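These protein sequence lines are chains P and B, in that order.
In terms of numbering that gives the first Met the number 0, the first sequence opens at residue 0 and continues consecutively.
In terms of numbering that gives the first Met the number 0, the second sequence opens at residue 0 and continues consecutively.
Glycine is no exception: its CB is placed at the ideal position from the N, C-alpha and C atoms.
Model, not experiment: these values are computed from the prediction.
2 protein chains.
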Amino acid sequence: MNTEDLLNQIAFIKEIDKVKYIQRKTKLFNSNRNENDAEHSWHLALMAIVLAEHSNEPIDILKVVKMVLIHDIVEIDAGDVFLYDTQKNHDNTDEERLAASRIFGLLPEKQAKAFIEIWEEFEAGATNEAKFAKSMDRLEPLLQNTSNNGGTWKEFGVGYQKVYEKKSVIKEGSQTLWTYAEGLINESVAKGILKKE
Amino acid sequence: MNTEDLLNQIAFIKEIDKVKYIQRKTKLFNSNRNENDAEHSWHLALMAIVLAEHSNEPIDILKVVKMVLIHDIVEIDAGDVFLYDTQKNHDNTDEERLAASRIFGLLPEKQAKAFIEIWEEFEAGATNEAKFAKSMDRLEPLLQNTSNNGGTWKEFGVGYQKVYEKKSVIKEGSQTLWTYAEGLINESVAKGILKKE
Chain P
0 MNTEDLLNQI AFIKEIDKVK YIQRKTKLFN SNRNENDAEH SWHLALMAIV LAEHSNEPID
60 ILKVVKMVLI HDIVEIDAGD VFLYDTQKNH DNTDEERLAA SRIFGLLPEK QAKAFIEIWE
120 EFEAGATNEA KFAKSMDRLE PLLQNTSNNG GTWKEFGVGY QKVYEKKSVI KEGSQTLWTY
180 AEGLINESVA KGILKKE
Chain B
0 MNTEDLLNQI AFIKEIDKVK YIQRKTKLFN SNRNENDAEH SWHLALMAIV LAEHSNEPID
60 ILKVVKMVLI HDIVEIDAGD VFLYDTQKNH DNTDEERLAA SRIFGLLPEK QAKAFIEIWE
120 EFEAGATNEA KFAKSMDRLE PLLQNTSNNG GTWKEFGVGY QKVYEKKSVI KEGSQTLWTY
180 AEGLINESVA KGILKKE
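Printed below as a string of structure tokens:
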């Protein structure tokens, strides 16, 4: 055993505990309690495992699971950005890259490199795995908002057009899940919990 | 697509949100805030991925990750049992089996069966994957208690002997991690945050 490597791994394991304090805008199902990034990542990992068969393309499910487990770790330094934030770009900012380099950099070099690559691949959204991982990331809050009478859509005045546009990313990962999601969006309009201008 | 299967999968995904409300006895790192089962499971999954190389035996890491992600889902019905509880057995009670059957039973039949099998395999602790998953489950609270000046050991008056005995399960999954854990336990005694009678 290389003791230094193990100690570096333990340092990383301790550092990522902070993910449990990062509050998302979205609330838990049928709830007023904000979800945190660790809970969110856990839920996405299980969603990916359960829904894998609906992926448009064959996927390496272990890679998808790794992606969703680590995708929000950079928020320890960079903070959570709301999907519908108009001031701040959600994707792969310099701040997030710096965070990835610092936090994954706690790990032994080879492992750090592998984690940063997986995070970059998720952010780029080009591979089948990244597309499916991103579809999980968009589907969970949709399920939460419909369970919460509109949730963050109502709270932050987000309308049909924006929701439709952002959620259509689901289609890239899974046509089947997009058909289901589209149904939920239309249902939400019909119920009056999502405004169509 | 079989719509009924998808709706059953969504029902399961909604149901397991309740894992986020199940409080453990253990607190987060350097914190007074109790950890919940979703946060705990997320942390174990990443620990397993990061520490996999230290397993005594070759392991299917995807299976280990599945195990730790689902291992506490039964607590939605059966509740969290403290590792040092002297009244209630921690392992695979009838209550937990019923819970597994109800909650995983929300999934399409084949998937339900597969999840119950993985959960049973974890509980039995006989395979290499189950041994390594269990070593993660014992290591995390050890790291937390040492970061919290004794944490639950102090709070519930748990002494060296009990801790040593319960934590030695780590050895079954990883001799390397056990050597590290043993060091932490002895250090805790030396620091006076764990009582040796």
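Check whether P/Ser30 and P/Asn147 have beta carbons under 8 Å apart: As a position in the first sequence, residue 30 of chain P is number 31, starting the count at 1. As a position in the first sequence, residue 147 of chain P is number 148, starting the count at 1. Result yes, Cβ atoms of P/Ser30 and P/Asn147 sit closer than 8 Å.
Beta-carbon proximity check, B/Ala47 vs B/Phe131, cutoff 8 Å: Taking the second sequence and counting its residues from 1, one reaches residue 47 of chain B at position 48. Taking the second sequence and counting its residues from 1, one reaches residue 131 of chain B at position 132. Going by C-beta atoms, B/Ala47 is nearer than 8 Å to B/Phe131.
Selection from P/Leu142, P/Lys65, P/Glu14 and P/Gly156 that minimises the alpha carbon distance to P/Glu272: Coverage of chain P is limited to positions 0 through 196, which leaves residue 272 of chain P absent and any answer about it impossible.
Straight-line Cα distance separating B/Gly172 from P/Leu142: On the first sequence, position 143 is the one that residue 142 of chain P refers to. On the second sequence, position 173 is the one that residue 172 of chain B refers to. Each residue's Cα considered, the two are about 38 Å apart.
Rounded C-alpha distance that separates B/Glu38 from P/Ile102: Counting from one through the second sequence, the residue named residue 38 of chain B turns up at place 39. Counting from one through the first sequence, the residue named residue 102 of chain P turns up at place 103. Each residue's Cα considered, the two are about 19 Å apart.
Exposure label - P/Asp136; buried when at least 16 CB within 10 Å: Residue mapping note: residue 136 of chain P aligns to position 137 of the first sequence, counting from 1. When all chains shown are included, P/Asp136 counts as buried.
Cutoff 7 Å; reference P/Tyr163; Cβ partners in own chain excluding five residues on either side: The residue given as residue 163 of chain P occupies position 164 in the first sequence. Around P/Tyr163: Ile184.
Close Cβ partners of P/Ala44 (< 6 Å) along its chain, the five nearest in sequence each way excluded: Position 45 of the first sequence, counted from the start, is the residue given in the question as residue 44 of chain P. Correct list, in chain order: Val64, Val67 and Leu68.
Chain-ordered neighbours of P/Lys19 on chain B, where CB pairs are closer than 7 Å: Position 20 of the first sequence, counted from the first residue, corresponds to residue 19 of chain P. In chain order: Leu27 and Glu38.
Inter-residue Cα distance where the pair is P/Arg96 and B/Gly156: Residue 96 of chain P sits at position 97 when you count from the first residue of the first sequence. Residue 156 of chain B sits at position 157 when you count from the first residue of the second sequence. For P/Arg96 and B/Gly156, the distance between alpha carbons rounds to 44 Å.
Cutoff 6 Å; reference B/Lys195; Cβ partners in own chain excluding five residues on either side: Translated into positions along the second sequence, residue 195 of chain B becomes position 196. Excluding five sequence positions before and after B/Lys195, the CB atoms of its chain that fall closer than 6 Å to its own CB belong to Tyr159 and Val188, given in chain order.
Beta-carbon spacing of P/Pro107, P/Asp4 below 8 Å: As a first step, residue 107 of chain P must be located in the first sequence, where it is residue number 108. As a first step, residue 4 of chain P must be located in the first sequence, where it is residue number 5. In contact: P/Pro107 and P/Asp4 (Cβ atoms closer than 8 Å).
Coarse secondary structure for P/Glu34, derived from DSSP in three states: Sequence index remark: in the first sequence, residue 34 of chain P carries index 35 (1-based). In this structure, P/Glu34 counts as strand in the three-state DSSP scheme.
Contact set between the region 45 to 66 of chain P and chain B, restricted to residues whose Cβ is under 9 Å from the partner: Leu45, Met46, Ile48, Val49, Leu50, Glu52, His53, Ile60, Leu61, Val64 and Lys65
Distance CB(B/Asp36)-CB(B/Asp93) smaller than 8 Å: Indexing the second sequence from 1 puts residue 36 of chain B at position 37. Indexing the second sequence from 1 puts residue 93 of chain B at position 94. No; because the gap between Cβ atoms is not below 8 Å, this pair is not in contact.
Neighbour flag for P/Asp79 against chain B, beta carbons, 8 Å: Locating residue 79 of chain P in the first sequence gives position 80, where the first residue counts as 1. No, no contact with chain B.
Neighbour flag for B/Asp16 against chain P, beta carbons, 8 Å: Taking the second sequence and counting its residues from 1, one reaches residue 16 of chain B at position 17. It does: the Cβ of B/Asp16 has a partner Cβ on chain P nearer than 8 Å.
Those runs of the beta strand (DSSP E) which lie wholly inside the region 32 to 73 of chain P and span at least 3 residues: 33 to 35
Residue range of the unbroken alpha helix (DSSP H) whose run includes B/Thr145: For the purposes of this step, residue 145 of chain B is taken as residue 146 along the second sequence, with counting starting at 1. Taken as a continuous stretch (DSSP letters only), the alpha helix (DSSP H) holding B/Thr145 covers Asn127 to Ser146.
Pairwise C-alpha distance: B/Thr175 and B/Lys133: Against the second sequence, residue 133 of chain B aligns to sequence position 134. Against the second sequence, residue 175 of chain B aligns to sequence position 176. Distance from the CA of B/Lys133 to the CA of B/Thr175, rounded to the nearest whole angstrom, comes to 15 Å.
Start-to-end residues for the alpha helix (DSSP H) that takes in P/Lys170: Residue mapping note: residue 170 of chain P aligns to position 171 of the first sequence, counting from 1. Ile169 to Gly172 is the extent of the alpha helix (DSSP H) around P/Lys170.
Check whether B/Ile12 and B/Ile75 have beta carbons under 8 Å apart: Against the second sequence, residue 12 of chain B aligns to sequence position 13. Against the second sequence, residue 75 of chain B aligns to sequence position 76. Not a contact, by the Cβ cut-off of 8 Å.
Chain B within 8 Å of P/Phe11, Cβ atoms only: Residue 11 of chain P sits at position 12 when you count from the first residue of the first sequence. When Cβ-Cβ separations below 8 Å define contact, P/Phe11 makes contact with chain B.
Residue range of the alpha helix (DSSP H) that includes B/Lys13: The sequence position of residue 13 of chain B within the second sequence is 14, counting from 1. Per DSSP, the unbroken alpha helix (DSSP H) holding B/Lys13 starts and ends at Thr2 to Glu14.
As assigned by DSSP and simplified to three states, the class of P/Lys258: Any question about residue 258 of chain P goes unanswered here, given that chain P covers just 0 to 196.
Among B/Glu119, B/Lys26 and B/Glu52, nearest to B/Gly154 - alpha-carbon criterion: The sequence position of residue 154 of chain B within the second sequence is 155, counting from 1. Per the sequence shown, the amino acid found at residue 154 of chain B is Glu instead of Gly. Answer by Cα proximity: B/Lys26.
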